[in-house]
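*Asks:*
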Amino acid sequence: MTMFIVRRVISSIPVLIGVLVLVFVLVRVIPGDPCTATYGEKATPELCAQFEARYGLDKPLPEQFAIYAGALFQGDLGTSIRFGRPVGDILLERLPVTVELAVLALLFATIGGITLGLVSAIRRNSSVDAGTMVLANLGVSTPVFVLGLFLAFVFAVLLKDTPFALPPSGRLSPGVSVTPLAVAWGLEGLSGAPRSFLDFLSNMYLFNTLVTGQWSAFADSFRHLILPAIAVGTIPLAIVARMTRSSLLEVLGLDFVRTARAKGLGERSVVIRHGMRNALLPVVTIIGLSLGALLSGAILTETIFNLTGMGKTVFESIESRDYVTIQGVTIVVAITYVIVNLVVDVSYAFLDPRIRL
Amino acid sequence: MTVGVEPVRDLAADELERAAPASLWRDTIRNILRQRSAVIGLIILLFLFLVALFAPVIAPYGPDDSMLDLGIPGRRGEAPCIHLLGCPADRVQHIMGLDSNLRDEFSRIVYGSRVSLQVGFLTVGLSIIVGSFIGAMAGFFGGAADNVLMRLMDIVLSFPSLILAIAIVTVLGSGLINAQMAIAIVAVPIYARVMRASVLSVREADFVTASRALGESSRGILSRRVLPNALTPAIVQGTLGIGAAILEVAALSFVGLGAQPPQAEWGAMISQDRNLFFSAPHLIFFPGVAITLVVLGFNLLGDGMRDALDPRLNR
Chain E
191 MTMFIVRRVI
201 SSIPVLIGVL
211 VLVFVLVRVI
221 PGDPCTATYG
231 EKATPELCAQ
241 FEARYGLDKP
251 LPEQFAIYAG
261 ALFQGDLGTS
271 IRFGRPVGDI
281 LLERLPVTVE
291 LAVLALLFAT
301 IGGITLGLVS
311 AIRRNSSVDA
321 GTMVLANLGV
331 STPVFVLGLF
341 LAFVFAVLLK
351 DTPFALPPSG
361 RLSPGVSVTP
371 LAVAWGLEGL
381 SGAPRSFLDF
391 LSNMYLFNTL
401 VTGQWSAFAD
411 SFRHLILPAI
421 AVGTIPLAIV
431 ARMTRSSLLE
441 VLGLDFVRTA
451 RAKGLGERSV
461 VIRHGMRNAL
471 LPVVTIIGLS
481 LGALLSGAIL
491 TETIFNLTGM
501 GKTVFESIES
511 RDYVTIQGVT
521 IVVAITYVIV
531 NLVVDVSYAF
541 LDPRIRL
Chain A
671 MTVGVEPVRD
681 LAADELERAA
691 PASLWRDTIR
701 NILRQRSAVI
711 GLIILLFLFL
721 VALFAPVIAP
731 YGPDDSMLDL
741 GIPGRRGEAP
751 CIHLLGCPAD
761 RVQHIMGLDS
771 NLRDEFSRIV
781 YGSRVSLQVG
791 FLTVGLSIIV
801 GSFIGAMAGF
811 FGGAADNVLM
821 RLMDIVLSFP
831 SLILAIAIVT
841 VLGSGLINAQ
851 MAIAIVAVPI
861 YARVMRASVL
871 SVREADFVTA
881 SRALGESSRG
891 ILSRRVLPNA
901 LTPAIVQGTL
911 GIGAAILEVA
921 ALSFVGLGAQ
931 PPQAEWGAMI
941 SQDRNLFFSA
951 PHLIFFPGVA
961 ITLVVLGFNL
971 LGDGMRDALD
981 PRLNR
């Protein structure tokens, strides 16, 4: 088992280096230069020379890469050209929104998808089954941005002034604020990496308000994430529901299930204890595979629901040719994705002993 | 006696030879048509294909015709007006309303079907060609080539597809063709993996060994023996991938990196009239339904084909 994990970790190192090189090259060949994008008509050759020297853009590419990779290993993502602040700080502020959205969507997709798939499989060929599968097919075929706009229309316009109304934009209602964890726990003196980590947690409003018991702020921030999470989670939900159904149907047709029935076990025990347990492995695989869809969906959805997360940052920095920020965001997202895939792979090994071989 | 038997045997052999390949195709098509989802998917796609083909006949206006230029009264984001459903006869009929530039939404949707089908086929076609080539090389030659090519594919796969596509479009510049290129590049590893696995299994088949024993060149074996027999999984994967490609290109158009106005592309249409959403929801609804319909068609067909061609599922 340890060998498997070690091997899997080592094999992801060349991939990570490849990711660094690819992003670095891609970002450098973007047409248009950041100096003109920043200063517009005021950009003079002298000003641009100064500007390029400040950001190290006048050095040869290999040297730029060496400097960049070296800094990255120390956790330094460079200084944003557009915001004039360290990219790391911007990410600490904005990544938590995307993470919360993706996690909430994942919960929605997993719980909803497995439940729907289970019900469909048990009541195979019933109207419930047919309805679920039609919904699942529609779910995978609807663009995230269309679904997002529709949810916003239904819950913020049609259901306005009813108890079901939900906010269509922003992270918190005006007037609501969340106390940072550093303040709530009296750790304002903290600095460096621990402080950064604390701020990161603190900016996950759901987590923050939950652990500090700011209940009204928790409810408010949760209400703001419901619609985006449904929009992001629907495609994975549909995929999970279909996979659960077909996997469970396959397992329920196997001999050991017949044996369990023959032993006189209750239907509930047969389906849950014998069936589901064996049917879940492909479902876990599919959930792991849909993480990319979740992140992509989160980025599209943020622009619709006006959430200041990764997506908004990417689009803002593309507009202003902010190399450093695009580079930082892409690399952080890619590294996260590689690590998550690693964790998913290792968790299969726990679930299925055959993979460890 | 011998005289009587010979022609009979000849006839049987003759029949076998002619019947075998034909019935394989017939079986495959019959298997696909037996899948309810494939049939529904085919009907949807046939309908959209006809709409795209006869767009100039079906659409009452051109996709870029502004009512202002035509001298027809109307207002921005006007709601649908259908005479049959009780819209007063003195008003001009626009069955899907008008968009923010006073263009007939229905005509734009109809012409948009051309863009969408083109996007689906070209994008996936490009991915399949490049991906199959890489996968076939990796699988057939093995060793270092396999390692290098597949690690490269791993790197591409280690980005969430939309993020990498956004980065590529930023480099290439916005536009529908560039957006399609980006989505095609991002999908290449999927086909490379499918093709590699398929080539690996075909490579060991007896008829390939026979060709090799007969002295056929590697290139001949790859192009004449292995590829034709290994292509089916890639094509099934491709049918399933068309829906995803259309969704992703529409998403790029929606964020302004794909099709540019005034092109009648459904994603770009939604993006353009997003701000009118609360007063004119039909401008989001109709293009949204159109995208869902075309993607649904390809997904259903792909599911059906996979089930029909997967021997494990043959009942």
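Protein chains in written order, with my numbering: chain E, 191 to 547; chain A, 671 to 985.
Cβ atoms here follow ideal geometry from the backbone N, Cα and C, with glycine treated the same way.
As the structure is a prediction and not an experimental result, all values here were calculated from the model.
#1: By how many angstroms is the C-alpha of PHE412 (chain E) removed from the C-alpha of ALA934 (chain A)?
#2: Between which two residues does the alpha helix (DSSP H) containing MET975 (chain A) stretch?
#3: Extract the residue ranges of the alpha helix (DSSP H) inside the stretch 463-511 of chain E, only unbroken runs of 4 or more that lie entirely within it.
#4: Using 8 Å as the cut-off, can you tell me whether the stretch 808-825 of chain A makes contact with the stretch 756-768 of chain A, which would need three or more C-beta pairs spanning the two stretches below that distance?
#5: Nearest by alpha-carbon distance to VAL805 (chain A): which of A:PRO733, A:GLY926 and A:ARG873 is it?
#6: Indicate whether the contact test is met: 3 or more Cβ pairs, each with one atom in the stretch 786-798 of chain A and one in the stretch 849-862 of chain A, closer than 8 Å.
#7: Which bits of chain E does ASN969 (chain A) rub up against, with CB to CB less than 7 Å?
#8: Are the C-beta atoms of MET671 (chain A) and some chain E residue less than 8 Å apart?
#9: By the DSSP assignment, the alpha helix (DSSP H) with TYR258 (chain E) in it spans what residues?
#10: Rounded to whole angstroms, what is the Cα-Cα separation between ARG985 (chain A) and LEU388 (chain E)?
#11: What residues from chain A crowd round VAL528 (chain E), counting only those whose CB sits closer than 7 Å?
#12: Going by DSSP, what residue range makes up the alpha helix (DSSP H) through LEU442 (chain E)?
#13: Do the stretch 437-445 of chain E and the stretch 381-397 of chain E make contact, defined as three or more Cβ pairs closer than 8 Å?
#14: Does chain E have any CB closer than 8 Å to the CB of ARG889 (chain A)?
#15: Using only the alpha-carbon positions, how far apart do PHE961 (chain A) and PRO384 (chain E) sit?
#16: Bridge partners of SER736 (chain A), per DSSP?
#17: Spell out the partners DSSP gives PRO276 (chain E) in its beta bridges.
#18: Please confirm whether GLY268 (chain E) has its beta-carbon closer than 8 Å to some beta-carbon of chain A.
#19: What residue does the alpha helix (DSSP H) around VAL896 (chain A) start on, and which one ends it?
#20: Give the list of continuous beta strand (DSSP E) stretches no shorter than 3 residues that lie fully inside the stretch 768-850 of chain A.
#21: State yes or no: is the beta carbon of PHE505 (chain E) nearer than 8 Å to at least one beta carbon in chain A?
#22: Which class does CYS757 (chain A) belong to by DSSP, given the choice of helix, strand or coil?
#23: DSSP state of THR672 (chain A), grouped into three classes?
#24: Closer than 6 Å by C-beta to GLN907 (chain A): which residues in its own chain qualify, once you throw out the five before and the five after it? Chain order, please.
#25: Pick out whichever of E:PRO364, E:THR475, E:ILE425 and E:THR449 has its Cα sitting closest to the Cα of ALA407 (chain E).
#26: Which residue wins for smallest C-alpha separation from VAL789 (chain A), given the options A:ALA920, A:MET975 and A:PHE924?
#27: Apart from the five residues on each side of it in sequence, which residues of its chain come closer than 6 Å, Cβ to Cβ, to ALA900 (chain A)?
#28: Since I believe LEU427 (chain E) is in contact with ALA299 (chain E) (beta carbons under 8 Å), could you give me their beta-carbon distance rounded to a whole number of angstroms?
#29: Taking its Cβ as the centre, do 16 or more other Cβ atoms sit within 10 Å of GLY423 (chain E), making it buried, or is it exposed?
#30: Apart from the five residues on each side of it in sequence, which residues of its chain come closer than 6 Å, Cβ to Cβ, to GLU290 (chain E)?
#31: Report the rounded CA-to-CA distance for ILE312 (chain E) versus LEU455 (chain E), giving the unit in angstroms.
#32: Who are the Cβ neighbours of SER881 (chain A) in its own chain at under 7 Å, not counting the five residues just before and after it?
*Replies:* Let me spell this out:
#1: 38 Å
#2: 952-979
#3: 467-479, 481-495 and 500-509
#4: no
#5: Position check: residue 805 (chain A) holds Gly in this sequence, whereas Val was assumed. Per the Cα distances, A:ARG873.
#6: yes
#7: ASN327, VAL330 and SER331
#8: In this prediction, MET671 (chain A) has a pLDDT of 42, which is less than 50 and means its spatial position is unreliable; what the coordinates show is noted afterwards. Output row for MET671 (chain A): interface = no.
#9: 251-263
#10: Low confidence applies to ARG985 (chain A): its pLDDT is 39, below 50, so where it sits in the model is not reliable, and the reading given next is rough at best. Taking the straight line joining both Cα atoms gives about 57 Å.
#11: SER828
#12: 405-442
#13: no
#14: no
#15: Here residue 961 (chain A) is Ile; the residue named in the question, Phe, does not match the sequence. About 47 Å.
#16: A:ARG773
#17: E:THR269
#18: no
#19: Premise fails: VAL896 (chain A) is in no alpha helix (DSSP H) and is neither H nor E.
#20: none
#21: yes
#22: coil
#23: The predicted model places THR672 (chain A) with a pLDDT of 45, which falls under 50 and marks its position as unreliable, so this point remains unresolved.
#24: VAL864
#25: E:PRO364
#26: A:ALA920
#27: SER868, VAL869 and VAL872
#28: 4 Å
#29: buried
#30: MET394 and LEU396
#31: 16 Å
#32: ILE891 and ARG895
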